[in-house]
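Below: the structure, in structure tokens.
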Amino acid sequence: MKGINLEIKAGEVFGFLGPNGAGKSTAVRMLTTLLRPTSGSARVAGFDVVTEADQVRRNIGVALQDAAIDPLMTGAELLALQAVLYGIPASLLKQRSNELLERVGLTAAASRRVSTYSGGMRRRLDLALSLIHQPSVLFLDEPTTGLDPMSRLTLWEEVRRLNREGTTVMLTTQYLEEADQLADRIAIIDHGKIVREGKPADLKASVGAPTLIINTNTDQVEKANAVLSTFGDLRPGAEGALGVGLRGGAAQVTEVVRKLDEAGVRVQHLEINEPSLDDVFAEATGHRLEGADNAPSAGDNGDEQPQKKKRRGKK
Amino acid sequence: MTGVATAPAPLIAEHSAAVAFRQTIALAKRSTLELFRQPALVVPSLIFPLFFSFLGNSSFGRTTSLPGFPKVNSYLQFQLAGTITQGVLFGSVTGAAALATDIENGFFYRLLAAPTARTSILFGRLAGSTLFGALETAVFVLVLLPFGADVSAGLPGIIAMIISGALIALAVGALMSSVALKTGSAEAVQGTFPLLFILLFFSSAFFPRETMSGTYKTIAGINPISHLVEGLRALSLEGFSISATARAILVPLAIAVVALFVANRQLQKRLRAN
Amino acid sequence: MSTIATRTPTLTTSDMHSTTARSSWQLVKRGLINTRRLPSAFFPALAMPIFNMISFSGTFFALTKLPGFPTDRSVNWFMPLGLAMGSAFSGVGLGFSLIRDLENGFFDRLRMSPTSRISLIIGPVLATWIRVTLVAVMVFVAGTLLGARPTAGVMSYVCSWVAAIGISTIGAGWGLALAFRFQDMRGAAVMQLSIFLTMFLSTAQVPLNVMTGWLHTAARINPVTNIFRLARAGWVNANDADYLSWQNAYGGLIAIFVLSTLAFVFALRSLQKIDN
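So, in structure tokens, the structure goes:
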């Protein structure tokens, strides 16, 4: 973590976007009192994370990247434990647990041991655990990684609903689509620093120009780039494709093709993309976001089978 | 491809005793190397037993004059046989666990798919354990000798001990291999560890049977491990006699033969199931 | 996004107060539930003391014939050892479950709750004490069946039980510390090895007056020897030097207190390291 400076307004959904290892999870761990910052300070829900850690904890809910649950216990038992740890009075405990179970759709599974839950169910339970005390701020660290498309959409809907009810949400993700869909504002983080910040629409507009992507032979790359760079900023594509931001708009395509032809560049493939967060990212960092081609509909692992215990690596 | 080309001479030799022998050697090399490359193995099979014998020597040194205790120069002289048995027991379980792992991860079937003589698979594995057992015995004798673990039978006795240790390793290895072949699970094999531990305790490995009493004495009397240990112990205490050597070598040999028979049966069962 | 709606919470902040007592008790319940549900962890903890007791008292039966041996009954001597081993491993078992929690991330969740850090420790340790008490009762019953006879009435059982609780507390602190330090199953191996060594380099198997050589020296400086003296205070002959007396008891109590404190300080330090 090189040093980040940001401000999240009450009531908004803030997205923290970046590849693996960029520092997203580290930032979240610091903000949720799990990790002590080496320098600087942070305030969450009005309290300092170091000196007023307990107050911070009372006001935040956290769902980390790996669902943090105890496989030996049942869903209901875990909720009860969480409720007690957060000081929910005994008279309200049952009611609150049931409310949440219903909200995440786990009422039927509540009396089963968590080891029998699928990956999606574990995430839902994790979310329920993070909401039991009605926090005003919710942290979601890569909430849909590894989820099947259906579960992903359900979770997005839930985030929107929570936000409508007034919860501030800070969400980290490596999925552009997710940030685009959910966040009011986003910050792009790369190698421990924030490189861009703002509303998704504004950021895309700032990149402005549509991207022209071509594929050509490796020995012609230099020539091609020389031509392309006269039309705008170079934007590298995925898997060796070349790209340029067309300053003059999509209409410049014919001009580009003609110039490439004159230079003797053989174009194998050509496409035009309207600016996306991917372009914002590529322009800010010089490379594409890992797995940027994974649209949410592709889905990583569709887990509907009970997950085996995962080893939790140190970040 | 068009036309029929003459097939090149097969690299694979036909089945013969010589080939089977070479395969056994190759597999034996593999299982031996496997054992020696696991430093984590050294602790339970070498360090622990040595630690216990030193601990025992300091703890029970004064008991050697108790009625029923055989005549010894030191407790270590009595204990050597038990230490060897303990170390060999644990080392052999690991070899069999490796066989189970081979089955679990499919290497066993790779061996089957190749024209490997079936018995080579088993014997190769056991050869490794047996060699390890012999080596352990030598180490125990060499380390404990300067501390008072005299072997009355002298050098011939030590050689007999090493052979005995190897045979015990073979016997236990074969029995555990049966478990490995039957269950195909390394975890199941490791699970026999505590059982062996219990068997070891309910024997004369640590203290003479003559000093025990009641039901415990009876159990120790029928426990085959007691007889294994006492065979070895005879070489330490009685000198190089026919009877001592016979006990030290014939008892484990007899158990080994039975165990090999059982293991081979299990091997055949597994082969038939494929 | 839509405008911010005012929430109508069903809970107000004044409703919620997480007290140490309440949280600790909930964690005690969790500890006991998990013990029941992981029989592979609990059964050895119960079987081991009884097995130790039977095998040691049977194998080394003749020890009692040594002149000056503290007791005439082999089981009297070895029952406290069995119980001590079981308690040590029950305590360390806390380290095992912490490693599980660390590996699956549940410990993070516990850390993020506003409950006091102390309750995160008190709860599980209390659960351990309850487990050890259960084990002690079963060991006493088994021991009596094997022929153990107390020489100081009820105090015989009390002293053994106190020693067992003490040992499990030390084990718990040590187990927690190693779990925080290693955060994976390597810590488990270190725990088992260290407990084993500490226990056996003392009067676990034979009294001081029977030992010779290096072991005698080691056992004399090992505070665990005092704890064994406490554990056996009501099981040795009434005329033995180590028979129940305040003098013989307080050495063990001090050892328990000091070692537990050190172990838990170590555990707390290791926990703080995780925060950074």
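Protein chains in written order, with the numbering used here: chain X, 38 to 352; chain V, 88 to 361; chain G, 201 to 476. Built from N, CA and C at the ideal position, the CB exists for glycine as well.
- By the criterion of a C-beta distance shorter than 7 angstroms, residue 49 (chain X) is surrounded in its chain by 205, 221 and 222, once the five residues flanking it on both sides are discounted.
- Along the region 305-366 of chain G, the alpha helix (DSSP H) occurs as fully enclosed runs of 4 or more residues at 306-312 and 317-346, listed in sequence order.
- CA-CA distance, residue 418 (chain G) to residue 402 (chain G), rounds to 7 angstroms.
- Counting along the chain, residue 311 (chain X) sits inside no alpha helix (DSSP H), nor does DSSP assign it H or E at all.
- Collapsing the DSSP output to three states places residue 252 (chain X) in a strand.
- Taking 7 angstroms as the threshold, the shortest C-beta distance from residue 263 (chain V) to chain G does not fall below it.
- If you compare the alpha carbons of G:316, G:454 and G:368 with that of residue 94 (chain X), the shortest gap goes to G:316.
- Following the DSSP letters along the chain, one finds residue 326 (chain V) in no alpha helix (DSSP H), marked with neither H nor E.
- For residue 241 (chain X), the enclosing alpha helix (DSSP H) covers residues 237-244.
- For residue 230 (chain X), the secondary structure class from DSSP, reduced to helix, strand or coil, is strand.
- Residue V:312 holds the alpha-carbon nearest to the alpha-carbon of residue 172 (chain V) among V:347, V:312, V:349 and V:353.
- Across the set X:76, X:69 and X:232, the C-alpha of X:69 shows the shortest separation from the C-alpha of residue 84 (chain X).
- Sequence-distant Cβ neighbours of residue 74 (chain X) in its own chain, meaning closer than 7 angstroms and more than five residues away, are 67.
- For residue 217 (chain X), no CB of chain G lies under 7 angstroms from its own CB, so it is not counted at the interface with that chain.
- Pairing residue 338 (chain G) with residue 363 (chain G), the inter-Cα distance amounts to about 16 angstroms.
- In the displayed model, residue 406 (chain G) falls within coil according to three-state DSSP, outside both helix and strand.
- For residue 398 (chain G), the uninterrupted alpha helix (DSSP H) segment begins and ends at 386-400.
- Per the Cβ contact rule, the region 168-182 of chain X is in contact with the region 123-140 of chain X (3 or more Cβ pairs under 8 angstroms).
- Residue 318 (chain V) and residue 374 (chain G) have their C-alpha atoms roughly 43 angstroms apart.
- Within chain G, no residue has its beta carbon less than 9 angstroms from that of residue 179 (chain X); the closest one is some 13 angstroms off.
- Here the alpha carbons of residue 289 (chain V) and residue 283 (chain V) stand approximately 10 angstroms from one another.
- Counting only runs of 4+ residues, the alpha helix (DSSP H) found wholly inside the region 178-230 of chain V occupies 194-200, in chain order.
- Here the region 258-274 of chain V lies against the region 171-187 of chain V, with 3 or more beta-carbon pairs under 8 angstroms apart.
- Annotated three-state conformation of residue 272 (chain V) is coil, per DSSP.
- Per DSSP, reduced to three states, the secondary structure at residue 160 (chain X) is helical.
- For residue 178 (chain X), the enclosing beta strand (DSSP E) covers residues 174-178.
- By the beta-carbon neighbour count (other beta carbons within 10 angstroms, threshold 16), residue 319 (chain G) is buried.
- Judged by their CB atoms, residue 248 (chain X) and residue 304 (chain X) are not nearer to each other than the 7 angstroms cut-off.
- One finds 146 and 147 in chain V with Cβ atoms closer than 8 angstroms to the Cβ of residue 406 (chain G), taken in chain order.
- Neighbours of residue 289 (chain V) in chain G, taken as residues whose beta carbon is under 7 angstroms from its own, are 255 in chain order.
- For residue 239 (chain V), the three-state secondary structure derived from DSSP is coil.
- For residue 76 (chain X), the closest alpha carbon among the candidates X:41, X:58 and X:92 is that of X:41.
- Taken through DSSP and simplified to helix, strand or coil, residue 100 (chain X) comes out as strand.
- Following the DSSP letters along the chain, one finds residue 286 (chain G) inside the alpha helix (DSSP H) bounded by residues 274-303.
- Of the candidates G:224, G:430, G:306 and G:424, G:424 places its Cα closest to the Cα of residue 288 (chain G).
- One Cα belongs to residue 340 (chain V), the other to residue 255 (chain V), and the distance between them is close to 8 angstroms.
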